[in-house]
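Peer 1: According to mature numbering (1 follows the signal peptide of the UniProt record, and there is no 0), the stretch in the sequence shown is residues -17 to -1, 1 to 913, in order.
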Amino acid sequence: MMKLITVLVCLCAFAHALPPDKNLQGLHIIKTRSIDLNNAHALTLETRLPKTVKPNGYNIELEPYLDDAVFNGRVQINVTWLEDSDEISLHCSHDLEVTEHNVVLRNGENLEVVGVKEMNMDSKKPILTLLLGKTVSKSSKGELIFSFKGRMQTASMDGFFKSSYKTEQDEERMVAGTQLRPNNARHLFPCFDEPGYKTPFELSIARPKDMVALSNTPVAQTMEIENEPGAVKDVFEVTPPMSTFAFGFVIAHLTQLGNSTHYKDDNGNNIELRVWGRPEYLTALEGTNEKLARVFKEVASFWQVPLPLKKLDVVALPYYLGAKPADNWGLIVFKESDLTNRRYQIVEQEVTYLWLGALASPAWWSDAYVNKGLVGYIAADIALKINDSEMDRQWPITVLYSIYYEFSKRYPHSRITGLKQETTCTKIELLFRVFNYTLGADTFKKGMRMFIREKAFKTFTGDDIWNALNAAAHEDGKIPKGVDIKTIAMSWIEQDRLPLVTVNRNYDKNTAHISQKVYLRERPHDVPNADKMSWWLPLVVIRGEKLDFDKTSPVVWMKEKETTIEKMPSKEHFIIVNPEEIAPFPVNYDQENWNLLLQYLQSEERLSIPALTRAKLLHDAWNLAFAGELSFATALNMTLFLNYEKDRLVWEPVFTMIDHIGRHICSCIKEKFRTYVRTFLSPVYEEFHHKNETGRKNLCSLAKNFLCHAGYKPCIEEAREAYTKWMEMPNPDEGNPMPNPYICPVFKWGTNKEWEFGLQRVIHFPSSRKQSERTYLLKTLAGCPIDEYKINRLLNVTILEGNGNFTETDLFLIFSMLTGDEAGYTALYHFLDNHWDFLKEKFASKTNLWDNLILSATGEFKTQTGLDLVSKLYVSHQGEFASAEHIIEKSMRNIREEVKWSTENIPVIEKWLDHYIATHDVRIDQFIKN
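Spelled out as structure tokens, the structure:
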């Protein structure tokens, strides 16, 4: 029998009951997980509604039929005419069927029904237009009334969704709820679905007596429903003014976790905090009340502006599969695993949006990036304050390094819009970190509080945030006259690049000449207009003779291409510019300053330099060497202090750099490089692999991974022993008992028999197992071997023999993985050369595969020998490459640049490695030689 849940959502609100400044403006909440930035980018181009009327409140009634996933509804929207008009346009999704429509004018107690000549739905846009029988005068008040029906979402968690789950007693339970961000309210009811409209809501929800309904505000009363003995109706209090997508509710079998926490402070907050979950999951949620209370206290203390809410419900919703929490104002819905995670940041983000997003709201989607960036920074900063091991101390390192690499490419983002939006938000997040450091935490908070007080119950643009920070900074004397925060910010936001700062000291005059230019890591350095780019740079300088890392005020805000700083230390002392990665730019020094830094880092005093700054010095040196700005001898010298380094944060860039240089060097010195890696990593592993401290265990794990790849015998033997147990299983296809990190070392250093066993496991992989396990196995089969037999065997099986167990997607994966090592792409090149006619015919109608094969087989060579091979292939088959003609031509151009790099750097690297090996205790017996 169809289950009917009558949901009467009465959202009655009247403009005359609101303060004048709370009637008009809108709401938009964008956060690290609140909105797909591709959507935000697309929504900036969305057609805006005509400003003929504005909503003052919603009165909505819903009747969901959960079994059939459909609903009926009726909405009454109180409106005011902003101009004389005989048309009204509002949002209504095409999947919502409007069955009745009326327009009523209200003049005191008098009502007048206005005839509707026609209702039109735009065929391409989700806009409904009513053509009225008369022109309604400006300032008139009335109601728009619609009856409608729609279908609940069952394949996604957008809009009005319905899902179900099984209890431990194997009973099926249903869940209904809403996720109306960013613009999904139009799928639930006709509305003015733009971020600039804020209206109050009052709602009633009918629910089964054994289920709980939660919404934005507390329940005012619960009433029986006539002829519905199994249901009741909860009437909720009126909400503060908010946008359509801040409205939300859930109906589920929920139980409150413990008692409520009551938060009250001197700023006017007086809020009940509650955590909910399914009864059988409450044990897993233990500690969430305390986490929520602590987070809320910290965020409220940061803003020092009260929320107009009486309660905040946080729900661990069973079978909630949304990619992002549903953060309605006063009701935040998480997937269960989000709340059992020990980390604070995700809860920080959602709570921060109660202020920055709901209380003060972006005026339009174009302001999403500033909103997201600021919330991301505040959430991370507060999370680290609560728990200094949050994110394994990876923030801001992870985001910093990612944009260093992205913006140093010849073509950032690869012209992928979503990636561009994400990196823009990351850069803005880091900009707020810049201002927190350079203005000081007190002035930064002062500016934020000025902003939130000014924009509470209103909308804002990015300029409003920059202007508030600027006012606070000048008021506190934190920036010079003539320097403007917005100007500084725009110099970073509007350029898809980062600067490189070069410091050359004059040790006779005790001065430092500082210059800036575009930071480019990829060759060639031929970026258009690079000479015209400049940034406002905060030059924070640490002096070696008087280390003070608490002093983060810039010596100067540098806007010019070049400047000179006076009164530098004497020649015996180093300087560090941009400590703690205060701003996202690498710094190069003259050779003498590098030498002074290395000497200090190898002394017992190195710990007086914070770990993040030690990591920066190392990371900068390696990246500058790759960019051609610094000798690799200096970059490699900077790794010598790692003999004394125990902090994982400092080691973090090392493993990335080992990987990068391993991909660039030729086979002629690869064994020497492996010897170097083995020699300085093995003591780290041997010292820490028995210790249980989390940070040390992580460092040990990373070291072990790289040592395994470098042929460290204890690791290889351990991996092969585990692999043998798998090979001896009677039914090896039923599951893989091996830890994933062991698989690659076996395929790389193990026997052909061991590798063949792995190949057969892929071929016979059961459909009942997770396909992600097969994908990982195939990736390692292709990407780990360094001998030609294994690679050719895989290519023969998958392509020449055409084994039906391998798909085109598998071939893409194989080609991609073979580009990771010289042995792989060289073998692929020879495979292509030897089987040209067969491959050309096989992929004749599969352009994407053909193009990818040519790219993978020709695009990764670094040496003159490689260039000669690719050139020979090009000449031999000129005119036969079809769609891939431009690909091989581009490959040859790129290889020529790599040859220049190799010619300049390989001799330097080899000379350094020779000296290192000659002066260190190299234990060859512990390693497998390639």
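Quick reminder that beta carbons are idealized off the backbone N, C-alpha and C, glycines included. The structure presented is a predicted model; accordingly, all values stated were derived computationally and were not measured.
Expressed to the nearest angstrom, what Euclidean distance is found between the alpha-carbon atoms of Asp904 and Gln478?
Peer 2: 48 Å
Peer 1: Of all the beta strand (DSSP E) runs that stay within the bounds of the segment 578 to 611, which reach a length of 3 or more residues?
Peer 2: none
Peer 1: Determine the burial state of Leu623: buried for a count of at least 16 other Cβ atoms within 10 Å of its Cβ, exposed for fewer.
Peer 2: exposed
Peer 1: Grab me the residues of Cys698's own chain with a C-beta within less than 7 Å of its C-beta, minus the 5 sequence neighbours each way, in chain order.
Peer 2: Lys687, Leu690, Cys691 and Pro728
Peer 1: To the nearest angstrom, how far is the alpha carbon of Phe748 from that of Arg757?
Peer 2: 7 Å
Peer 1: Which residue comes first and which comes last in the beta strand (DSSP E) that contains His496?
Peer 2: Thr494 to Val501
Peer 1: If we count the other Cβ atoms within 10 Å of its Cβ and call it buried at 16 or more, is Asn561 buried or exposed?
Peer 2: buried
Peer 1: Give the straight-line distance between the Cα atoms of Lys464 and Leu579, rounded to the nearest whole angstrom.
Peer 2: 36 Å
Peer 1: Which residues in the same chain as Met(-16) place their Cβ atom closer than 8 Å to its Cβ, once the five residues preceding and following it in sequence are excluded?
Peer 2: For Met(-16), the pLDDT reaches just 36, beneath the cut-off of 50, and the residue's location in the model is therefore unreliable, leaving the point undetermined.
Peer 1: Consult DSSP for Pro291 and reduce its assignment to one of helix, strand or coil.
Peer 2: coil
Peer 1: First and last residue of the alpha helix (DSSP H) that includes Phe615?
Peer 2: Phe615 to Asn620
Peer 1: Around the C-beta of Ser187, are 16 or more other C-beta atoms found within 10 angstroms, so that it is buried, or is it exposed?
Peer 2: buried
Peer 1: Fully enclosed by the segment 629 to 666, which alpha helix (DSSP H) runs are 4 residues long or longer?
Peer 2: For the alpha helix (DSSP H) assignment, the uninterrupted runs of no fewer than 4 residues enclosed by the segment 629 to 666 are, from N- to C-terminal side, 631 to 647.
Peer 1: If you count every other CB in all the chains shown that lies within 10 Å of the CB of Ile13, and 16 or more means buried, which is it?
Peer 2: Below a pLDDT of 50, predicted positions are generally treated as unreliable, and Ile13, at 28, falls in that range; the measurement from the model is reported next regardless. With 16 or more other Cβ atoms within 10 Å, it is buried.
Peer 1: Hey, could you find the ends of the beta strand (DSSP E) Ser74 is sitting in?
Peer 2: Note that residue 74 is His in the sequence shown here, rather than Ser. Segment Ser68 to His74, the beta strand (DSSP E) holding His74.
Peer 1: Nearest-angstrom Cα distance between Val660 and Ala610?
Peer 2: One C-alpha to the other measures close to 22 Å.
Peer 1: Compare the C-alpha of Ala865 against each of Ile797, Ile837 and Val853 and name the closest.
Peer 2: Ile837
Peer 1: Could you pull out every unbroken beta strand (DSSP E) segment of at least 3 residues lying fully inside the segment 456 to 499, listed in chain order?
Peer 2: 482 to 489
Peer 1: Can you look up Thr335 in the DSSP assignment and give me helix, strand or coil?
Peer 2: helix
Peer 1: Buried or exposed for Asp897, please, with buried defined as at least 16 other CB atoms from any protein chain shown within 10 angstroms of its CB.
Peer 2: Counting Cβ neighbours within 10 Å, Asp897 comes out exposed, since fewer than 16 surround it.
Peer 1: Which first and last residues belong to the beta strand (DSSP E) in which Trp540 is found?
Peer 2: Val539 to Met541
Peer 1: Can you look up Gly116 in the DSSP assignment and give me helix, strand or coil?
Peer 2: strand
Peer 1: Rounded C-beta distance between Lys37 and Val58? I'm assuming under 8 Å.
Peer 2: At roughly 16 Å, the Cβ-Cβ gap does not stay under 8 Å, so Lys37 and Val58 are not in contact.
Peer 1: In chain order, what residues of the same chain lie with their CB nearer than 7 Å to the CB of Glu555, ignoring the 5 residues before and after it?
Peer 2: In its own chain, leaving out the 5 sequence neighbours on each side, no residue places its CB closer than 7 Å to the CB of Glu555.
Peer 1: Hey, quick one: how far does the beta strand (DSSP E) through Ala52 stretch, first residue to last?
Peer 2: Per DSSP, Ala52 belongs to no beta strand (DSSP E) and is neither H nor E.
Peer 1: Which residues bound the beta strand (DSSP E) around Ala235?
Peer 2: Phe232 to Ala235
Peer 1: Please report the residue range of the beta strand (DSSP E) in which Ala189 lies.
Peer 2: Ser187 to Pro191
Peer 1: What three-state label does DSSP hand Glu771 in the structure shown?
Peer 2: helix
Peer 1: When you compare the CB positions of Asn788 and Ile726, do they come within less than 7 Å of one another, or not?
Peer 2: no
Peer 1: Classify Asp321: buried if its beta carbon has 16 or more other beta carbons within 10 angstroms, exposed otherwise.
Peer 2: buried
Peer 1: By DSSP, does Lys132 sit in helix, in strand, or in coil?
Peer 2: strand
Peer 1: Give the secondary structure of Phe210 by DSSP, where H, G and I count as helix, E and B as strand, and everything else as coil.
Peer 2: Going by the sequence as given, residue 210 is Asn instead of Phe. Three-state DSSP puts Asn210 in coil, outside helix and strand.
Peer 1: Given that a residue counts as buried once 16 or more other Cβ atoms are within 10 Å of its Cβ, and exposed if not, what is Asp78?
Peer 2: exposed
Peer 1: Quick check on the burial criterion: 16 or more other C-beta atoms within 10 angstroms. Buried or exposed for Asn450?
Peer 2: A residue is called buried once 16 or more other Cβ atoms fall within 10 Å of its Cβ, and Asn450 is buried on that count.
Peer 1: If you run the structure through DSSP and keep just helix, strand and coil, what is Val215?
Peer 2: strand
Peer 1: Fully enclosed by the segment 709 to 757, which alpha helix (DSSP H) runs are 4 residues long or longer?
Peer 2: 723 to 732 and 735 to 746
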